[in-house]
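So our numbering is basically just the index in the sequence shown, starting at one, shifted up by 17. Report on the structure given below.
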Amino acid sequence: MGEDIHLSPDMTVGAAGKIVLSNIPTHVRIEDLEPLLTPFGQVQNCEKLNSRDGSTHAVQVSYETQEQAQQ
């Protein structure tokens, strides 16, 4: 606990409008993140990604536009 959540753009092909949140504690659900994400734009999809360690996870967030994701 107390670790920072990391945010980075998703640089994969066709990933316009997507960001990746990493270092999220495993007890945090996607539903818990949605209120933090929606002020920046219309969230199209949230997908849990495989993590390198078992103590945290990452989430890929797809926004309606690239501009929303960059906020």
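Note that the Cβ used here is the ideal one computed from N, Cα and C, for glycine as well.
Nearest Cα to CYS63 within the set ASP70, HIS74, ARG69: HIS74. Comparing alpha-carbon positions, the option among ASN40, ILE36, ASN67, GLU48 lying closest to TYR80 turns out to be ILE36.
When rounded, the separation of the alpha-carbon atoms in LYS65 and HIS23 is 14 Å. Each residue's CA atom was taken as its position, placing GLY71 and ILE41 some 11 Å apart. At least 9 Å separates the beta-carbon of GLN59 from that of GLN88.
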